[in-house]
Each structure stands twice: as structure tokens, then as C-alpha cells.
DNA sequence: AGAAAAGATGACGTTGACGTAAACGGGACG
DNA sequence: CGTCCCGTTTACGTCAACGTCATCTTTTCT
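Protein chains in written order, with the working numbering: chain A, 207 to 336; chain B, 207 to 336.
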């Protein structure tokens with residue numbers, strides 16, 4: 207079931223990505239599957255990271271931006287300067303996301319209004335056509 | 207100042223894009239500058255569209271998705287079937303954006319929590335170092 | 001054991017969204 | 001008049017994020 211480590215195929219099925227994608231993310235140092243001989247085994251850590259990666263992508267962040275953010279979640283034994291640098295980056299991303307949210311709210315409202323307008327146009331055409 | 211039509215350079219300065227970008231958008235039928243001889247003149251309509259384009263991009267939409275949406279805003283004399291098709295597309299985008307907003311809220315909360323955690327770690331190191 | 005399936009590596013291909021360079025034309029101006 | 005500078009077209013280059021082979025081991029099934 208949710209065994210400690212997973213094969214590449216299990217990961218693909220679970221997250222709906224291709225093997226190529228996972229190997230690519232490893233090459234870009236976003237994931238760090240351990241090796242059992244030749245084969246990759248993905249850990250819980252990899253799963254957590256992949257989840258964040260895919261979410262980041264949905265927000266339009268680049269893999270590189272995401273990579274920097276990921277370091278926030280697996281802190282390990284990093285230096286203090288390292289850590290506070292990571293915090294700074296995170297703060298920047300947070301600001302991005304809040305700006306994005308504000309803009310998104312605006313855009314949603316505008317889009318709704320515009321749809322309303324066009325919708326009304328359509329229905330008035332109908333009543334005129336009667 | 208805000209004259210009726212603008213040259214390519216004025217547009218670039220106003221929206222912080224390159225000429226190449228504007229020509230590219232024209233080629234992709236996202237903008238329709240009129241021609242004065244050889245030269246492009248961008249209208250108010252183009253400015254409104256460009257604003258929406260750039261916003262759409264910030265939300266991670268592709269130019270093609272954006273192009274379809276733009277048709278919602280300059281309705282003109284289009285067919286009814288055309289219009290309701292456009293409305294459908296708009297509804298899809300609206301759903302996208304609302305999903306994105308929900309997820310964004312979640313992600314912002316999580317990121318804040320995580321930053322709090324790391325921040326606490328840092329300050330506790332400091333007090334321990336005293 | 002033999003065949004099929006899964007996984008790895010390496011290399012090249014692709015798509016979207018532009019960048020960049022070459023070659024040309026037409027006003028502006030010193 | 002020569003020469004910038006802005007703008008145009010055409011064409012090739014680039015970068016991210018994978019897709020798609022081809023080729024080679026390694027398991028796994030029967």
C-alpha cells in the first residue's frame with residue numbers, strides 16, 4: 207500500500223506523471239530517489255516534494271523557483287545564513303502569491319461581469335427574435 | 207499623451223514589452239494594429255486587449271487560451287453559436303480561476319505556517335546560542 | 001529457460017514564447 | 001546630402017519542460 211518507498215511506475219500512477227518527468231525532476235535536483243542497484247526508489251520525502259512541485263506548477267512557477275522553495279520544507283541541518291536566505295525567498299514567493307490572489311479576485315469579478323453582459327445580449331436577442 | 211493610437215515604441219514603454227512581442231502577438235492574432243502605410247498603429251482596443259493578455263499570462267494561461275477569451279470582450283457582430291461557444295470557454299476559464307484561487311489560499315496558508323516554523327527554529331537557535 | 005515487461009541511459013525532437021541578427025525603407029536633422 | 005534612428009520583414013536561434021526513440025539491463029511471468 208503506502209509502502210515506505212515506491213517504484214517509478216507507482217509514482218507515475220499516483221501523481222499522473224510520466225517516468226520521463228520524474229527522471230527529469232531528478233536531473234534538475236527536485237527529487238532525490240534512492241537507488242536499489244540501478245533502480246530508483248522514491249521515498250516519502252520525494253512524494254511530499256512532488257506534490258509541492260505539481261502545485262507550484264499550477265501556479266505558474268518555474269521549476270527553478272520551485273526548487274528554491276522546496277528547500278524550505280526539508281530543512282535538515284542547514285546553516286543559519288542558508289536558512290534565512292531561504293526564508294527571504296519564501297517571503298518573496300508569498301508576496302507573489304498574495305499579489306496573484308488579489309489580481310485573481312479582480313479578474314474573476316471582471317470575467318463574471320463580462321459573461322453576464324454577453325449572456326444578457328444572447329437572451330435579449332432571443333426575446334427579440336420571438 | 208493618451209492619444210487615440212500609439213506607435214510600437216509607445217506601447218512598449220507603456221506596457222514594458224518588446225517590439226518583437228507586439229509583432230508576435232499580432233501574428234498570433236491577439237492584437238490588430240491598423241497600418242499607416244507600413245507602420246503599425248495600436249488602438250485603444252489593442253491596449254485593452256494587451257492588458258488582458260499580460261494578465262492572463264500572469265495566471266499561467268497560454269496565448270491560445272487567452273486568444274479565445276479575448277473574443278468575449280470584443281463581441282462585435284458575431285454569430286449566436288459563436289457567442290455561446292465563447293461563453294462556454296469563458297465558463298471553463300472561470301472555473302479554472304476559481305479552482306486556482308482556492309488552491310492558492312491553501313498554499314498561502316501552508317507557506318505561512320512553514321515559514322513560521324522555520325522562523326521559530328531560527329530564533330530558538332539564537333536564544334540557545336546566548 | 002525463454003519471452004515479455006519494466007527500468008535505465010543517451011540522444012535527438014518538439015512546442016510555446018519570444019530573442020537576435022541581417023537587410024531594407026523612410027523621415028529628421030545637422 | 002549623408003547619416004542616424006525608428007520601424008518592417010524574414011529567418012534562424014534559444015530556453016524550459018518535457019516527448020520520443022533506440023539500445024541495454026534486469027525482473028517477472030509462464
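From the three backbone atoms N, C-alpha and C, an ideal C-beta is built for every residue, glycine too.
Nothing here was measured: the structure is a model prediction, and the numbers come from that model.
Residue 248 of chain A is bridged by DSSP to A/212. Annotation note: the segment 221-284 of chain B contains the following uninterrupted alpha helix (DSSP H) runs of length 4 or greater, listed N- to C-terminal: 225-233, 250-264, 269-279.
With a cutoff of 8 Å on beta-carbon distance, residue 320 of chain B and residue 278 of chain A are scored as near each other. The beta carbons of residue 246 of chain B and residue 214 of chain B sit closer together than 8 Å. Within the segment 274-290 of chain B, 275, 278, 279, 281, 286, 289, 290 place their CB atoms closer than 9 Å to a CB of chain A, listed in sequence order.
Considering only B/260, B/249, B/238, the residue with the shortest C-alpha distance to residue 221 of chain B is B/260. The C-alpha of residue 274 of chain A is placed about 7 Å away from the C-alpha of residue 295 of chain A. By the Cβ-count criterion, residue 239 of chain A is buried, with 16 or more other Cβ atoms from all chains shown falling within 10 Å of its own Cβ. Between the C-alpha atoms of residue 263 of chain B and residue 291 of chain B there is a straight-line separation of about 22 Å. Taken in chain order, the members of the segment 308-334 of chain B whose beta-carbon sits within less than 8 Å of a beta-carbon on chain A are 309, 310, 311, 313, 314, 317, 318, 320, 321, 324, 325, 327, 328, 331.
CA-to-CA, the gap between residue 325 of chain B and residue 293 of chain A works out to about 8 Å. When rounded, the separation of the alpha-carbon atoms in residue 254 of chain A and residue 286 of chain B is 48 Å.
Among the residues of the segment 241-269 of chain A, those with a Cβ less than 8 Å away from any Cβ of chain B are 261, 264, 265, 266, in the order of the chain.
Using a Cβ-Cβ cut-off of 8 Å, residue 304 of chain A counts as an interface residue toward chain B, since at least one Cβ of chain B sits closer than that to its own.
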